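Heads up: the structure comes next, in structure tokens.
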Amino acid sequence: MPRPFARVLAVTAVLAIIAAGAALWTFFNAPSPQVTSSGTASVGGPFTLVDQQGRTVTDEAFRGRWMLVFFGFTHCPDVCPTALNDMSAVLTELGTASDKLQPIFITVDPERDTVDAMSQYVANFDPRIVALTGTPEQIAQAAKAYRVYYKKVPQGDDYTMDHTGILYLMDPQGRFMTHFTPNTTPADMAARIRKLLG
Amino acid sequence: MNTLSMRAAFAAVFLALACTATQAADANITLQDAHAQIVFGAKVGAAYLRVTNGSTEPDRLVAVSTPMASKAELHSVIDDNGVMKMRLVEGIALKPGETVELKPGGLHVMLMDIQPGLKPGDTIPLTLTFEKAGVKSVSASVDKPAHGH
Ligand SMILES: [Cu+2]
Chain A
299 MPRPFARVLA VTAVLAIIAA GAALWTFFNA PSPQVTSSGT ASVGGPFTLV
349 DQQGRTVTDE AFRGRWMLVF FGFTHCPDVC PTALNDMSAV LTELGTASDK
399 LQPIFITVDP ERDTVDAMSQ YVANFDPRIV ALTGTPEQIA QAAKAYRVYY
449 KKVPQGDDYT MDHTGILYLM DPQGRFMTHF TPNTTPADMA ARIRKLLG
Chain B
88 MNTLSMRAAF AAVFLALACT ATQAADANIT LQDAHAQIVF GAKVGAAYLR
138 VTNGSTEPDR LVAVSTPMAS KAELHSVIDD NGVMKMRLVE GIALKPGETV
188 ELKPGGLHVM LMDIQPGLKP GDTIPLTLTF EKAGVKSVSA SVDKPAHGH
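Line order of the protein sequences matches chains A and B. Numbers in the numbering used here are just positions in the first sequence, counted from 1, shifted up by 298. Numbers in the numbering used here are just positions in the second sequence, counted from 1, shifted up by 87.
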């Protein structure tokens, strides 16, 4: 075999191995759309929604304060009222530090959760909670930004919603800081938030 | 004692034992800490409680009803990698001596079309049907929200 040819072959082989390695690396590190529980830097982003007073608000309105964001729906018997009770308890637990925190509840069921429905519902929790609804497109956009999954599921002659039950903590610049699972106690949540608020 | 009366005596003893067994199973179901999470004005809510099977036989909670809601069903919440999914369950098995807790984020009695106007502190009667122990009743108090106002 002539030497230059052997060299080309060797170089090709090395390049092929590198390419295969890179392909594998990309494959295993590609963000999976199913992963909703792990916090990544890309959680969060712009949204335009309507609050419980019927005013249009964007994410920009909350700059300068920390946001505690939860997606749910009012026809939810268990997970959502529990999360909203927990949010209320976190605010109480934080005391004066709670001024730096804006709790936000965003519906994943815009069909039933009108401004009126949201306003009536959140009146049962801490009045500092902002409740946001919108058009199905606006909700889809907000959920996409937060990597929140939601899906209508038939239940008898009605329906319920499967949805991500995570609470997201965003910093005053709107960047993702951490998340809490639904079984985090309000005391734990408050302690972790207090540390981050500084 | 002739054969007939012998048979009658056996039957009587057998019946007595059978009755005792049924009564024991019945007496051994304990229902504790029944409460309900009903957001004022909401059509759906959930009731929770602890159910203990104190008997030596397995049992099964098969149905729940209340006059305060048009429908009550046994549900569980499944945490599927952060996605919360609520699904109907076909009864809850209770091993001898076992306590099963229905609690927020897990098993619950889903209440649908709740009678409007229920406030924190109100009580709602629940009727639970067990495969062996039969029908048991308990009253659940409506929880106060974390931030009462
Ligand atoms: Cu349910």
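Think of the CB as a built atom: it goes at the ideal place given N, C-alpha and C, for glycine as much as any other residue. This structure is a prediction, so every number in the text was calculated from the model and none was measured.
- Task: Go ahead and pull the three-state DSSP assignment for Gly-221(B).
- Result: Along the second sequence, one-based indexing puts residue 221(B) at 134. Gly-221(B) carries a strand assignment under DSSP once its states are collapsed to helix, strand and coil.
Do Ala-395(A) and Leu-495(A) have their CB atoms nearer than 8 Å? Within the first sequence, the letter at position 97 stands for residue 395(A). Within the first sequence, the letter at position 197 stands for residue 495(A). Cβ atoms of Ala-395(A) and Leu-495(A): closer than 8 Å.
Below 8 Å on the Cβ atoms is my contact criterion, and I expect Gln-350(A) with Val-420(A) to pass it. Report the Cβ-Cβ distance as a whole number of Å. As a position in the first sequence, residue 350(A) is number 52, starting the count at 1. As a position in the first sequence, residue 420(A) is number 122, starting the count at 1. Taking C-beta atoms under 8 Å as the contact rule, Gln-350(A) and Val-420(A) qualify, at a distance of about 6 Å.
By the 8 Å beta-carbon criterion, what residues does the stretch 186 to 198 of chain B contribute toward chain A?
Legend: CB atoms of the stretch 186 to 198 of chain B lying less than 8 Å from CB atoms of chain A belong to residues Pro-191, Gly-192, His-195, Met-197 and Leu-198.
Whether Thr-214(B) touches Val-131(B) by CB criterion (8 Å) | Taking the first residue of the second sequence as 1, we reach residue 214(B) at position 127. Taking the first residue of the second sequence as 1, we reach residue 131(B) at position 44. By the CB criterion at 8 Å, Thr-214(B) and Val-131(B) fall outside the cutoff.
Q) For the beta strand (DSSP E) that Lys-172(B) lies in, which residues bound it at each end? A) For the purposes of this step, residue 172(B) is identified with residue 85 of the second sequence, where counting begins at 1. Annotation: the continuous beta strand (DSSP E) that includes Lys-172(B) extends over 170 to 175.
**Prompt:** Between the C-alpha atoms of His-122(B) and Pro-434(A), what's the straight-line distance to the nearest angstrom?
**Reply:** Working through the second sequence from its first residue, we reach residue 122(B) at position 35. Working through the first sequence from its first residue, we reach residue 434(A) at position 136. If you draw a straight line from the Cα of His-122(B) to the Cα of Pro-434(A), it is about 35 Å long.
ask   = Grouping DSSP H, G and I as helix and E and B as strand, with all else coil, what is Gly-132(B)?
value = As a position in the second sequence, residue 132(B) is number 45, starting the count at 1. When secondary structure is reduced to three states using DSSP, Gly-132(B) falls in the strand class.
Open item on the list: Taking the beta carbon of Arg-445(A) as the centre, do at least 16 other beta carbons fall within 10 Å, making it buried, or is it exposed?
Closed with: Translated into positions along the first sequence, residue 445(A) becomes position 147. With 16 or more Cβ atoms within 10 Å of its Cβ, Arg-445(A) is classed as buried.
Next item on the list: Run the proximity test for Val-375(A): is its beta-carbon closer than 7 Å to any non-hydrogen atom belonging to ligand 1?
Entry: Counted from its first residue, the first sequence places residue 375(A) at position 77. Looking at the sequence shown, residue 375(A) is not Val but Pro. Checking the Cβ of Pro-375(A) against ligand 1 gives yes.
message = Please classify Leu-175(B) as buried or exposed, where buried requires at least 16 other C-beta atoms within 10 Å of its C-beta.
response = As a working note, residue 175(B) is residue 88 in the second sequence. Classification for Leu-175(B): exposed.
| Residues of the stretch 113 to 127 of chain B with Cβ closer than 9 Å to any Cβ of chain A, in chain order | Correct list: Gln-124, Ile-125, Val-126 and Phe-127.
Exercise. Using DSSP with H/G/I as helix, E/B as strand and the rest coil, what is Ala-395(A)?
Worked result: Start at 1 with the first residue of the first sequence, and residue 395(A) comes out as number 97. If DSSP states are grouped into helix, strand and coil, Ala-395(A) belongs with the helices.
Taking Cβ-Cβ distances shorter than 9 Å, what residues in chain A pair up with Pro-203(B)? Looking up residue 203(B) in the second sequence gives position 116. Residues of chain A whose Cβ lies closer than 9 Å to the Cβ of Pro-203(B) do not exist, since the nearest Cβ in that chain is about 12 Å away.
Alpha carbon to alpha carbon, how far is Gly-497(A) from Pro-212(B)?
Lying before the first or after the last residue shown, residue 497(A) is absent from chain A, which here runs from 299 to 496.
Considering Cα atoms alone, identify which of Pro-203(B), Ser-228(B) and Ala-227(B) is closest to Ser-157(B). Counting from 1 along the second sequence, the entry for residue 157(B) is found at position 70. Measuring from the Cα of Ser-157(B), the nearest candidate turns out to be Pro-203(B).
field: Neighbourhood of Glu-409(A) by C-beta distance below 8 Å, restricted to the same chain and skipping five residues each side
entry: Reading the first sequence from its first residue, position 111 is the one you call residue 409(A). Beyond the five residues adjoining it in sequence on each side, Glu-409(A) comes within less than 8 Å, by CB distance, of Pro-434 in the same chain, given in chain order.
Next on the checklist: Do Pro-232(B) and Ser-386(A) count as a contact pair if the criterion is CB distance below 8 Å?
Outcome noted: Within the first sequence, the letter at position 88 stands for residue 386(A). Within the second sequence, the letter at position 145 stands for residue 232(B). Contact flag set, yes.
_Tell me the rounded alpha-carbon separation between Gly-247(A) and Val-413(A)._
There is no way to answer for residue 247(A), as the model of chain A reaches only from 299 to 496.
* Name the DSSP bridge partner or partners of Phe-403(A)? -> Mapped onto the first sequence, residue 403(A) falls at position 105. Paired residues: Phe-368(A) and Ala-429(A).
- Message: Is Met-459(A) a contact residue of ligand 1, with contact defined as CB to any heavy atom under 7 Å?
- Response: Along the first sequence, read from residue 1 onward, the residue named residue 459(A) stands at position 161. Relative to the non-hydrogen atoms of ligand 1, the Cβ of Met-459(A) never comes closer than 7 Å to any of them.
- Task: Tell me, please, whether the CB atom of Gly-463(A) is closer than 8 Å to any CB atom in chain B?
- Result: Numbered from its first residue, the first sequence carries residue 463(A) at position 165. Proximity of Gly-463(A) to chain B, defined by a Cβ-Cβ separation below 8 Å, is satisfied.
Which residues in chain B have a C-beta closer than 8 Å to the C-beta of Tyr-419(A)? List them in chain order.
For the purposes of this step, residue 419(A) is taken as the residue at position 121 of the first sequence. The contact set of Tyr-419(A) on chain B, defined by CB atoms closer than 8 Å, consists of Val-126, Gly-128 and Ala-129 in chain order.
Taking the DSSP output, what are the residues bridged to His-373(A)? As a first step, residue 373(A) must be located in the first sequence, where it is residue number 75. In DSSP, His-373(A) forms no bridge with anything.
Q. Any beta-carbon of chain A closer than 8 Å to the one on Gly-132(B)?
A. Here residue 132(B) refers to the residue found at position 45 when the second sequence is read from its first residue. With 8 Å as the cut-off, Gly-132(B) counts as an interface residue toward chain A.
Considering only the alpha carbon of each residue, which of Asp-209(B), Thr-153(B) and Ala-220(B) lies closest to Thr-139(B)?
Numbered from 1 along the second sequence, position 52 holds the residue referred to as residue 139(B). Checked all of Asp-209(B), Thr-153(B) and Ala-220(B); the closest Cα to Thr-139(B) is Ala-220(B).
Next item on the list: With 8 Å as the threshold, decide whether the Cβ of Phe-423(A) is near any Cβ in chain B.
Entry: Position 125 of the first sequence, counted from the first residue, corresponds to residue 423(A). For Phe-423(A), the answer is yes, since a Cβ of chain B falls inside 8 Å of its Cβ.
- Compare the C-beta of Pro-480(A) against all C-beta atoms of chain B and say whether one is closer than 8 Å. Mapped onto the first sequence, residue 480(A) falls at position 182. By the rule that beta-carbons nearer than 8 Å mark a contact, Pro-480(A) touches chain B.
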